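Chemist:
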Amino acid sequence: MLKTYLLDIVLFVNNIVGIFVVVRFLNHLLMKKNIKEVSRRSGLTMILIIATLININFENFLSNLMIGVMLYYSIGELFYVGKKHIKLVAAIFFIVFSMITELMTATIFGLVFDASIQGVRENVMHLFLGGVISKILLILLVEIVIKFRRRNASAVSLTSWLLVISIPVISIALAILVVYEPVVNNSFSNIAVFACLAIIYIDLIAFYLFDSIVIQIDENSIIRFKEKQLLLQQHQYENIITGHKQVKKIRHDMLSHLITIDGYLEGNKVDEAKNYIGKLNSELDFERQGILSENIGVDAIINNRKAKANECGIQTSVDVMIPKSFNMDDLDLCVILGNVLTNAIEACQRIDDGSSKYIQFVMKYKRDSILIEVRNSYNEKIIKEKNGRYISSKASRSNNGIGMGLGNIEAVTKKYNGVFELDMKENEFVIKLIIPDKKVA
Amino acid sequence: MLEIAICEDDIMQQEKLEMLLFEIGLKESINLRKFDSGERLIKSYELGDRYGIILLDIQLDQLDGIQTAEIIRGYDKSCLIIIITSVMEYAVEGYSIDAYDFIMKPVDKVKFARVINKAVKELQVRMNKTYLIQTRDKTKALKLSEIQFIESNRNRVIIHTNKETYTNNESISSVVDKLGKDGFVRISRYYIANIYYVKEIGAKTLILNTGEELKYSEIYRDNIKKEYLKFMMGDM
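For the record, the sequence lines run as chains A and B. Start counting the first sequence at 199; every next residue gets the next number (the numbering used here). Start counting the second sequence at 673; every next residue gets the next number (the numbering used here).
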């Protein structure tokens, strides 16, 4: 009973796995269209049924190939946003991938079963095992491609990725082991079929779970970062409120101030009047109230870092002249500002020979670009250069994901086609950044 | 002579700015005009006067500084408008009219001198430097500030300016020798770009603020970056 339908089952399982993998592949290549999850799933099921029906009724290799490309392309077209030719190339790529894996399977068969390989076409068990193994290999291959493509973006370590990759490798061995006996004897075994189906199921689920974990980790680090941001902003609002209260008080006091000044001038005491005005000026000093610009997010970070620098006995000067809001993504800007300033503070902290510690921060806006320049003193022995990159002496291990390090600054700058330059003069470390102020998807 | 205008409704402040200008040592080399309202300054523009640098107070009576600047921009896109204000909020609006720089009140002597000197230097470069080309019947001087990029064509060069394109019988490497110090940078075998028109350094192309993209060669990348940094941040 099972044996008669085995070929159909093979095709069906083949298609399920094929669609699963192609969806995963496209997820990383293209943007999902905004479709309800229910209709997406039912759409994919429809395609699965159509594909299986076509596969059962056509036996020709070439036509199957063409239909494969068309099906994969239509999945891309139906569920993803993007240029048509990219979708087509992705579909062809995918077909090539599956051909490669099938070839690899054939090679493995040749190695494992040696002489008994002749009966491939006759023995359904052969076909079945071939299908299972080639699909596991396909999963593996796509996984490697995806991993390679987003190496930098994800916080998942290489070790855990290798561990996950070991699952399909082991399962190939397991599948061959299970089916070895019936294949060599040219017989059929229900248990072997079920075992293989179970193995491929486990593989799929393992990757699905791994994927969710990756997404979860990425989301977590963004959330942690945002929480930090919010805290900074809260502090900034408190600053502003105190500033505001002060302004109110001054407005209230204005009349008495004017009377005092008037009194000085009446008595021709010009110098006293000047002094008095000078005192008023310092009371109104915006910078002391933490108002550097109209951009609250930027102010929050700079003030926070400035406070930290003051704590460490670092002389800081800040010159900020920027618009109220930017086209650039706030998070990206925060990454840059947080990193350059933290970097400068840490460099100053490592000065242990008693020489002066200072940070000069300048941020301006010119010709639709954000300009940032940070100069700070540093101890030149501690920072070394590797392959043209400056590595701060702090172990890079502590740069856990978002938050620290020159690498992040460089990555964001690159995203915006910006320019990033580091310069180490004698005892002065200079970072210069030009970031085109635009939206980047 | 450098034409400078001060537009400020407070006469005391006007005099203070004038004094500061003279303190920098510009008395001999500038032609200074003072206006106490945006309307008067615009009137002067209507009469055909042009200024290289305008020191513009933001809080003016009728027309405010930004409105005044917008109207002036209609006459003259290239003049350097330096905004003078005591309220940061207004300074920020200055970006919409492409302000050259900002000076906060009370005016700090050192900063004032730095901004003005920088502006004067930029104007001198812009006004005086030219590139001479030989047309069929005469020699023509092209303002460097109007040249966007220069393209090599066999042993001639095609000069793309804001208005039209010209050709000149000269090799591209000899053009580099002539203009290399004036903000022109070699970006590939075929192109020299005026750094003033660069908006962005893309992965493979230089994006000009006219929207045009020029393919650059990898070996010149570092030099392009260096020149661009110098141009954008040299005076920060």
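For each residue, glycine too, the CB sits at the ideal point set by N, CA and C. None of these values were measured; they are calculated from a predicted model.
With respect to the beta strand (DSSP E) encompassing residue 839 (chain B), which residues constitute its N-terminal and C-terminal limits?
Modeler: Looking at the DSSP string, the run of the beta strand (DSSP E) that includes residue 839 (chain B) is 837 to 840.
Chemist: Compare the beta carbon distance of residue 543 (chain A) and residue 498 (chain A) with 8 Å and say whether it is the shorter of the two.
Modeler: No, the pair does not count as a contact, with Cβ atoms beyond the cut-off.
Chemist: Tell whether a beta-carbon distance below 8 Å holds between residue 614 (chain A) and residue 633 (chain A).
Modeler: Yes, the pair counts as a contact, with Cβ atoms nearer than the cut-off.
Chemist: Taking Cβ-Cβ distances shorter than 9 Å, what residues in chain A pair up with residue 901 (chain B)?
Modeler: Those are 617, 619, 630 and 632, listed as they occur along chain A.
Chemist: Which of the three DSSP states, helix, strand or coil, is assigned to residue 634 (chain A)?
Modeler: Strand.
Chemist: Could you give the first and the last residue of the continuous alpha helix (DSSP H) run that contains residue 686 (chain B)?
Modeler: Run containing residue 686 (chain B): 683 to 695, per the alpha helix (DSSP H) assignment.
Chemist: In this structure, does DSSP put residue 734 (chain B) in helix, strand or coil?
Modeler: In the structure shown, residue 734 (chain B) sits in coil (DSSP, three-state: anything other than H, G, I, E or B).
Chemist: So the candidates are A:565, A:527 and A:287; which of them puts its Cα closest to the Cα of residue 220 (chain A)?
Modeler: Nearest of A:565, A:527 and A:287 to residue 220 (chain A), Cα basis: A:287.
Chemist: In whole angstroms, what is the alpha-carbon distance linking residue 308 (chain A) and residue 858 (chain B)?
Modeler: Roughly 59 Å separates the two Cα atoms.
Chemist: Along the alpha helix (DSSP H) that carries residue 494 (chain A), what are the first and last residues, could you check?
Modeler: Here the alpha helix (DSSP H) through residue 494 (chain A) covers 494 to 509.
Chemist: Give the single residue among B:828, B:732, B:769 and B:736 whose Cα lies nearest to the Cα of residue 749 (chain B).
Modeler: Comparing Cα positions, the closest option is B:769.
Chemist: Would you call the CB atoms of residue 706 (chain B) and residue 686 (chain B) closer than 8 Å?
Modeler: In this structure, residue 686 (chain B) lies closer than 8 Å to residue 706 (chain B) by Cβ.
Chemist: Counting contacts by CB-CB distance shorter than 8 Å, is residue 863 (chain B) in contact with chain A?
Modeler: No, residue 863 (chain B) does not count as interfacial toward chain A.
Chemist: Which residues in chain B sit within 7 Å of residue 569 (chain A), going by Cβ to Cβ distance?
Modeler: Under the 7 Å cutoff, chain B gives 904, 905 and 908.
Chemist: Closer than 6 Å by C-beta to residue 518 (chain A): which residues in its own chain qualify, once you throw out the five before and the five after it? Chain order, please.
Modeler: Closer than 6 Å at Cβ, skipping near neighbours: 490, 491 and 561.
Chemist: When Cβ atoms are compared, which residues of the segment 509 to 532 of chain A fall closer than 7 Å to chain B?
Modeler: Those residues of the segment 509 to 532 of chain A that come within reach of chain B (Cβ to Cβ, closer than 7 Å) are 519, 521 and 522.
Chemist: What are the partner residues of residue 885 (chain B), as DSSP defines its beta bridges?
Modeler: For residue 885 (chain B), which the question treats as bridged, DSSP gives the partners B:879.
Chemist: Considering only the beta carbon of each residue, do residue 871 (chain B) and residue 887 (chain B) sit closer than 8 Å?
Modeler: Going by C-beta atoms, residue 871 (chain B) is not nearer than 8 Å to residue 887 (chain B).
Chemist: Please name the residue, chosen from B:758, B:714, B:742 and B:832, that lies closest to residue 729 (chain B) on a Cα-to-Cα basis.
Modeler: The shortest C-alpha separation from residue 729 (chain B) is found at B:758.
Chemist: Of the residues that make up the segment 865 to 889 of chain B, which ones have a beta carbon closer than 8 Å to any beta carbon in chain A?
Modeler: From the segment 865 to 889 of chain B, only 871, 872, 873, 874, 875, 879 and 881 have a Cβ closer than 8 Å to chain A.
Chemist: Could you work out which residue in B:848, B:844, B:850 and B:819 is closest to residue 881 (chain B) when comparing CA atoms only?
Modeler: Cα-wise, what sits closest to residue 881 (chain B) is B:819.
Chemist: With a threshold of 8 Å between beta carbons, is residue 220 (chain A) in contact with chain B?
Modeler: Cβ-Cβ to chain B under 8 Å: no for residue 220 (chain A).
Chemist: Check the DSSP bridge columns for residue 825 (chain B) and list the partner residues they point to.
Modeler: Its beta-bridge partners are B:828.
Chemist: Give a yes or no on contact between the segment 818 to 834 of chain B and the segment 790 to 801 of chain B, applying the rule of three or more CB pairs nearer than 8 Å.
Modeler: Counting Cβ pairs under 8 Å, fewer than three are found: no touch.
Chemist: Is there a C-beta anywhere in chain B that falls below 8 Å from the one on residue 563 (chain A)?
Modeler: So, interface residue.
Chemist: Taking Cβ positions, are residue 753 (chain B) and residue 775 (chain B) nearer each other than 8 Å?
Modeler: No; because the gap between Cβ atoms is not below 8 Å, this pair is not in contact.
Chemist: Closest by CA to residue 693 (chain B), which one among B:786, B:721 and B:874?
Modeler: The shortest Cα separation from residue 693 (chain B) among B:786, B:721 and B:874 belongs to B:786.
Chemist: Going straight from the alpha carbon of residue 437 (chain A) to that of residue 239 (chain A), what length do you get?
Modeler: So the two alpha carbons sit approximately 51 Å from each other.
Chemist: Put residue 256 (chain A) into one of helix, strand or coil per three-state DSSP.
Modeler: Coil at residue 256 (chain A), not helix or strand.
Chemist: Which runs of the alpha helix (DSSP H) at least 4 residues long sit entirely within the segment 721 to 799 of chain B? Give them in chain order.
Modeler: Runs found: 737 to 747 and 760 to 765.
Chemist: Along the chain, where does the alpha helix (DSSP H) containing residue 531 (chain A) start, and where does it finish?
Modeler: Its alpha helix (DSSP H) spans residues 528 to 547.
Chemist: Measure the alpha-carbon distance for residue 350 (chain A) versus residue 874 (chain B) and round it to whole angstroms.
Modeler: Low confidence applies here, because residue 350 (chain A) scores a pLDDT of 45, under 50, leaving its location unreliable; read the following figure in that light. Approximately 20 Å between the Cα atoms of the pair.
Chemist: Going along chain B, which residues have a C-beta under 7 Å from residue 560 (chain A)?
Modeler: The contacting residues are 908.
Chemist: Determine the direct distance from the alpha carbon of residue 539 (chain A) to that of residue 604 (chain A), and round the result to whole angstroms.
Modeler: Distance between the alpha carbons of residue 604 (chain A) and residue 539 (chain A) is about 11 Å.
Chemist: Suppose the cutoff is 6 Å on Cβ atoms and the five residues either side in sequence are ignored; what does the same chain contact list for residue 594 (chain A) look like?
Modeler: Confidence is the limiting factor: at residue 594 (chain A) the pLDDT is only 40, short of 50, which leaves the residue's position unreliable, though a coordinate-based value still follows. Answer for residue 594 (chain A): no residue qualifies.
Chemist: Return the CA-CA distance between residue 609 (chain A) and residue 577 (chain A), expressed in angstroms with no decimal places.
Modeler: In a straight line, the C-alpha of residue 609 (chain A) is about 26 Å away from that of residue 577 (chain A).
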